[in-house]
Structure formats: structure tokens, C-alpha cells
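As C-alpha cells, the structure follows; a few thoughts come after it.
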Amino acid sequence: MRAIVLAAHGGPDALRLEERPAPSPSEGEIVVENQFCGVNFIDLYQRKGLYPVALPVVLGCEGAGRVVAVGAGVSGFRVGDRAVYLSTGGGYAEQTAVAAWRAAPLPAAIGADIAAASFLKGLTAEMLLRQVYPVARGAKALVYAAAGGVGTILTQWAALLGAEVIAVVGNDEKAAAARRLGAAHAIVRTKTESISAAVRDVTGGAGVDVVYDSVGAATFADSLDSLAPRGMMVSYGNASGPVPSIAPLELGRRGSLFLTRPSLFHYATPERFAGMASALFDLMESGRIRVDPPATFRLDEAGAAQAKLESASTMGSLALKP
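Under the working numbering, the first residue of the sequence shown is numbered -10, with each subsequent residue one higher.
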């Protein structure tokens, strides 16, 4: 089978198309023939070496297609079933072996392209809004990259929960998109010298209850300054680089703030995974959360897809088609 292999850390050109043996399922696994594979920032972090992985490695943490093999002990899938999955790697390939508990039956109403490009992102949104900081009606939430892959789902879901969403985006087009998704306010980063000052302005000086920051180093200080006393800072991405260390006393000085750096793989456990996927699909099937078809690249264009994601010029999600 064809797969995208990373043999050494580097730029997008470090990704190479290679022929590899097709996987066979171990006990508790299924093999999915990928119709589409999602492209995510975690793939970029692994390519650069920010998130250590053993090399050589096939990147890719989500995909969707049809089950072509079922390992011993698996009862929830049969050959031919449509499936979408979350994995710790191996997604940039024609076929992927994945633990069956990390896969979900794909509803007929959801296309494989949309599923492959939104599953990890949608589960991330579920984790952020229902587990890391359970958002209640009336909460004020600051959402970075609100027109991006995670951000489009996060903004819609937070608004459905009754939050007052303040979106942070890169341009006017993305600001308009964020408002259509349910954001009450949109801050364009290139048009303000201080995000926190803009947040204080729209909240009457109060600040927000929670910040969902996927940008990282470039926005960390502004994010902390945007919080109301006892607010929660959720740092869940490093698009601009990893955040600096901060002393606990500094969190106290800024208003007894809370800080967390969640990983989806610590929340999407065997006990929780099915419920998380069901919550996401219920909202997508009912139309309460809308996910547009992703911008699609050929498998051998994985480097170009990652470069596009890294450019911050995208709206929505990206996917590879093997």
C-alpha cells in the first residue's frame, strides 16, 4: 500500500510517499481502507519534533473509510462497515490498523470526507466544552482560530450551550464566518494591538470565564490577561510555538486563575470514547453543528496540505484522499 512516511524531522518536504506492507489487525483491532485522512496540527508538531515520535513513522491521527479486516475479540465491526477513527498515527496511508474502541460506525448521513476531517477536531471540541471546562449558559468564552478546523466546531457547540463566544480570527472574512457560526463578537488579530484590551472592551471590563487557546506562545500572555478572576485558561495547541513556563504564584496574582494543557488521548478513554463520538454525531446529523467539506489533497500532496495548514490561510479543515 502507499503511505506517507516521515524519516527525519523537518519541513513539509520531509514527508515521503513510500510503498509499505498493508497492515493486518492484531487482537482488538480493525483495519480501515481510508477514503479520506484528516490533516491536523498534531501532524505538524510530530513532523517538527515538538511532539516526539519514533522515526520512521507514518503520520496521521484520523481517517474514515470501510473496514477491510477485523481482529480477534472485536464485536462491534464487520468487514464492509463504514467507520471513522482516532489513532496515534498511521492515518496518512491507504489502510490503517486501529484499536476498535477508537473507531466509531459512520452514520449514513455523514460523508467520509467530512468525517475524516472533523472527527479528531469534533472530539477535541467535546473534550474542551463538556469535560475540561463544562460550559454553562451565560458563560463568556474566548475562542482562538474560530474559523479553523477545531474552531468552527468549537464556536458552534459553545453557542449551542448558551455561551457568549468571543472569536479571535486573522482577517475580516474569518470574522464574518465566526459570526455566522454563532460568535457574539469577533476580534481580528491584525487589527488590534491587544487582544485582552479588546476582550475587556466587549465584556465591560469583566473578562471571560474561559479561554480556549490553540495558538500558543504568541497569545499566551494576552489570554491570561483576558480572564476574569478564577477563570480557566485552556491551552490546547502550539500553532505559534510552545507556551512559556509560568509560576503558580503568577496565576494567583492574576486572579486565582486555573491553567490546563489537555490532551485528547487522555480524555478519549475506552470508557468515554463512544459517548464522545455519539454526542458529536448527534449534533452533526441534526444539523445543529455544520461542517463544510474539507479542502482535499492527494495523498502524495501531504506536504502541500501541511504547508497550507501552517500558513494560517485556511478556513475549515483539510483532508488527504489516498
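We put the beta carbon where it would ideally sit given N, CA and C, even for glycine.
| Check | Outcome |
| --- | --- |
| Start and end residues, beta strand (DSSP E) containing His174 | His174 to Val177 |
| Pairwise C-alpha distance: Glu274 and Val73 | 15 Å |
| Three-state secondary structure assigned by DSSP to Ile31 | helix |
| Continuous beta strand (DSSP E) stretch holding Thr249: start and end | Phe247 to Thr249 |
| Where Ile142 falls: helix, strand or coil (DSSP) | helix |
| Three or more C-beta pairs below 8 Å linking the stretch 198 to 207 and the stretch 216 to 232 | yes |
| Backbone secondary structure at Pro237 - three-state DSSP | helix |
| Straight-line gap, Gly65 to Ala89 (C-alpha atoms, nearest Å) | 8 Å |
| Beta carbon of Gly27 nearer than 7 Å to that of Ala308 | yes |
| Pair within 7 Å by beta-carbon distance, Gly78 and Glu51 | no |
| Beta-carbon contacts of Ala245 that lie in its chain and below 8 Å, excluding the five residues immediately before and after | In the sequence on display, residue 245 carries Ser and not Ala. Taken in chain order, the residues that qualify are Pro218 and Arg219. |
| Residue environment, Asp211, which counts as buried when at least 16 other CB atoms sit within 10 Å | buried |
| Euclidean distance between Cα positions of Leu248 and Asp32 | 24 Å |
| Close Cβ partners of Trp146 (< 8 Å) along its chain, the five nearest in sequence each way excluded | Ala114, Glu115, Leu118, Leu272 and Ile278 |
| CB-CB length for Gly230 against Ala206, believed under 8 Å | 4 Å |
| Inter-residue spacing [alpha-carbon to alpha-carbon] between Lys310 and Arg242 | 50 Å |
| Cβ-based neighbour list, Val232, same chain, cut-off 6 Å, excluding 5 preceding and 5 following | Gly205, Ala206, Phe209 and Ser224 |
| Close beta carbons around Ala3, own chain, < 7 Å, minus the five adjacent residues each side | Leu(-5), Ala(-3) and Arg36 |
| Whether Val188 touches Ser215 by CB criterion (7 Å) | yes |
| Distance CB(Thr144)-CB(Ala152) smaller than 7 Å | no |
| Per DSSP, cross-strand counterpart(s) of Gln84 | Glu22 |
| Opening and closing residue of the alpha helix (DSSP H) in which Met273 lies | Phe262 to Glu274 |
| CB contact below 7 Å: Pro233 versus chain D | Any reference to chain D falls outside this structure, which holds one protein chain only. |
| Supposed close pair Leu75, Arg55 - CB separation, criterion 8 Å | No, Leu75 and Arg55 are not in contact; Cβ-Cβ is about 17 Å, not under 8 Å. |
| Inter-stretch contact at 8 Å, needing at least 3 Cβ pairs: the stretch 289 to 300 / the stretch 121 to 129 | no |
| Unbroken beta strand (DSSP E) run spanning Lys310, endpoints | Leu307 to Lys310 |
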